[in-house]
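Just so we're aligned: the sequence shown equals residues 17 to 146 in my numbering. The beta carbon of each residue, even a glycine, is placed where N, CA and C say it ideally should be. Quick caveat: nothing in here was measured; it's all calculated off a predicted structure. Working notes, structure below.
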Amino acid sequence: MRLEDVEAVFEDPDPNQSFIAYVQQTLRHNLDPVGRYVTVWLANDAANTHSFTMDQMRKYANVCETPISQEVLERSVEQLEATNVVRQRKRGIYEFSVPDYPNILNRMGDTQLLDNLEIEIAQTLGNGDA
């Protein structure tokens, strides 16, 4: 496999069969809407910093129109750790487990994705399921 082949896979714009679509589907199957929502926000910040705190995650959760409790956020962060999306580098300091994760996540289209996740969060938390 050549570098051009890897780049072609990463750059494929197909919304259903591309590598980015695969990552999006995997996250959808393995994470709750709150975890995915916070992850998209964190990916946007990853260009500025490689680590983040629970306070930063709380700040992004508070952007959501639907209130997200501390308990729900903590459960989502545990899920992010269990699925190896993030890891706790030291107490209270987290980072993406794969350094390229923010680049991949940022290719998913933030605005529409965040809007859709806000709808999912409202539906999930409105039903008491999260």
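Own chain partners of residue i with C-beta closer than 6 Å, once the 5 adjacent residues on each side are dropped
i: residue 57; result: 76
i: residue 138; result: 82
i: residue 94; result: none
Closest by C-alpha distance to residue i, when choosing among the options
i: residue 9; options: 67, 121 and 55; result: Residue 9 cannot be examined here, being either before or after the span of the chain that is shown, 17 to 146.
i: residue 52; options: 38, 35, 34 and 92; result: 92
i: residue 132; options: 44, 34 and 89; result: 44
Distance between residue j and residue i (C-alpha atoms, nearest Å)
i: residue 59; j: residue 71; result: 15 Å
i: residue 121; j: residue 36; result: 8 Å
i: residue 84; j: residue 115; result: 27 Å
i: residue 47; j: residue 74; result: 17 Å
i: residue 89; j: residue 134; result: 14 Å
i: residue 87; j: residue 65; result: 26 Å
i: residue 117; j: residue 79; result: 22 Å
i: residue 42; j: residue 130; result: 17 Å
i: residue 34; j: residue 100; result: 21 Å
i: residue 38; j: residue 136; result: 20 Å
Residues of its chain near residue i, where Cβ-Cβ distance is below 7 Å and the 5 sequence neighbours each way are ignored
i: residue 102; result: 96, 110, 111, 112 and 113
i: residue 54; result: 73, 76, 77 and 92
i: residue 62; result: 112 and 118
i: residue 108; result: 69 and 70
Helix, strand or coil at residue i according to DSSP, with G and I counted as helix
i: residue 94; result: helix
i: residue 136; result: helix
i: residue 87; result: helix
i: residue 65; result: coil
i: residue 102; result: strand
Close beta carbons around residue i, own chain, < 8 Å, minus the five adjacent residues each side
i: residue 142; result: 82
i: residue 128; result: none
i: residue 98; result: none
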